[in-house]
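*Asks:* For reference, each letter of the sequence shown is one residue, going -21 to -1, 1 to 162 in mature numbering (1 follows the signal peptide of the UniProt record, and there is no 0). Dropping the structure in here first, questions after.
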Amino acid sequence: MFHRTSTRLAAVLLAATLPLAACVDESDTKVGETSEDLEESVEAKENEKPSFNVEETDPKVTDKITGESVEDPAMELSYKWQGTSSSGNGSVVVVAVTNKSDAPLPVDALTPALRYNTGDDNFTDATYISDPEKADVDVVGIDRPLGPGATTNAKFPFDVAPGNLWDAEFTVGNVTFKGNLNN
């Protein structure tokens, strides 16, 4: 009975250690390498992550406000006009933002601007409402980094009534949507 138990115990131990030995990748570990060397190696690999390049240039002006994709001329982004809606304190501009970069788009990378015609070709700047509670929307802009290849509908609230957007210009990134934005 003792012989069977010890044989079984040896078999169990062998079965348990073989898979663990297979998990070791010795190709990355050099003889004499210390834990500090390994930590530096891990930090170096973490620092190699691509970073998103936020660049500004003269905006590309477009009248594509029926859902066509518009490429940003300086950043690896594209935008699709989704429309405007009314909120408690004005208008909400909705634009689909697609990240075409290998790096996440930072939350604060896009600064929107809205100008509208008050008559006789006099344009005035609308005030951007960055506080979701004051804007009466669930999320303002992009609330989390936008991953590579991802698309989100970004909401940008302003203190202007939708009816005043019959002749307006909305700029996000390096693209300006121009025309009757009350749609």
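Idealized CB from N, CA, C, for every residue including glycine. Computed from a predicted model, the values in this text were never measured in an experiment.
Should residue 163 and residue 74 be called a contact, given that it needs their Cβ atoms to be closer than 8 Å?
*Replies:* Outside the displayed range of the chain (-21 to 162) lies residue 163, so it cannot be described from this structure.
*Asks:* Does any residue of chain D have a CB that is nearer than 8 Å to the CB of residue 35?
*Replies:* Looking at the structure shown, chain D is missing, and only one protein chain is on hand.
*Asks:* Can you tell me which of 53, 30, 70 and 47 puts its alpha carbon nearest to the alpha carbon of residue 144?
*Replies:* Here the closest residue by C-alpha is 70.
*Asks:* Extract the residue ranges of the beta strand (DSSP E) inside the segment 31 to 77, only unbroken runs of 3 or more that lie entirely within it.
*Replies:* Those beta strand (DSSP E) runs which fall completely within the segment 31 to 77 and span 3+ residues are 39 to 41, 48 to 50 and 56 to 66.
*Asks:* Using C-beta distances below 8 Å, list every residue in its chain close to residue 155, excluding the 5 sequence neighbours before and after it, in chain order.
*Replies:* Excluding positions up to five away in sequence, the list reads 38, 39, 40, 41, 148 and 149.
*Asks:* Would you identify the three-state DSSP class for residue 28, choosing helix, strand or coil?
*Replies:* Three-state result, residue 28: coil.
*Asks:* Mind reading off the beta-carbon distance from residue 152 to residue 54? Whole number of angstroms is fine, and I expect it under 8 Å.
*Replies:* About 6 Å separates the two Cβ atoms, so the contact holds.
*Asks:* On the DSSP letters alone, give me the boundaries of the alpha helix (DSSP H) that residue 79 sits inside.
*Replies:* No alpha helix (DSSP H) holds residue 79; DSSP gives it neither H nor E.
*Asks:* Taking buried to mean at least 16 other C-beta atoms within 10 Å of its own C-beta, is residue 160 buried or exposed?
*Replies:* It counts as buried.
*Asks:* Going by CA-CA distance only, name the one from 93, 68, 79 and 81 that's closest to residue 112.
*Replies:* Of the listed residues, the one whose Cα sits closest to residue 112 is 68.
*Asks:* Given this structure, state the Cα-to-Cα distance separating residue 173 from residue 131, to the nearest angstrom.
*Replies:* The structure shown does not extend to residue 173, since the chain spans only -21 to 162, so no value can be given for it.
*Asks:* Around the C-beta of residue 59, are 16 or more other C-beta atoms found within 10 angstroms, so that it is buried, or is it exposed?
*Replies:* Flag for residue 59 reads buried.
*Asks:* Could you tell me which residues DSSP puts in a beta bridge with residue 133?
*Replies:* According to DSSP, residue 133 bridges with 74.
*Asks:* Kindly indicate which three-state DSSP category residue 144 falls into: helix, strand or coil?
*Replies:* Helix.
*Asks:* Nearest-angstrom Cα distance between residue 81 and residue 133?
*Replies:* Rounded to whole angstroms, residue 81 to residue 133 spans 20 Å at the Cα level.
*Asks:* I'd like to check one pair, residue 91 with residue 31: are the Cβ atoms closer than 8 Å?
*Replies:* It is not a contact, given that the beta carbons lie outside the stated cut-off.
*Asks:* Would you mind stating whether residue 124 and residue 63 have Cβ atoms separated by less than 8 Å?
*Replies:* Taking 8 Å as the Cβ cut-off, residue 124 and residue 63 do not qualify as a contacting pair.
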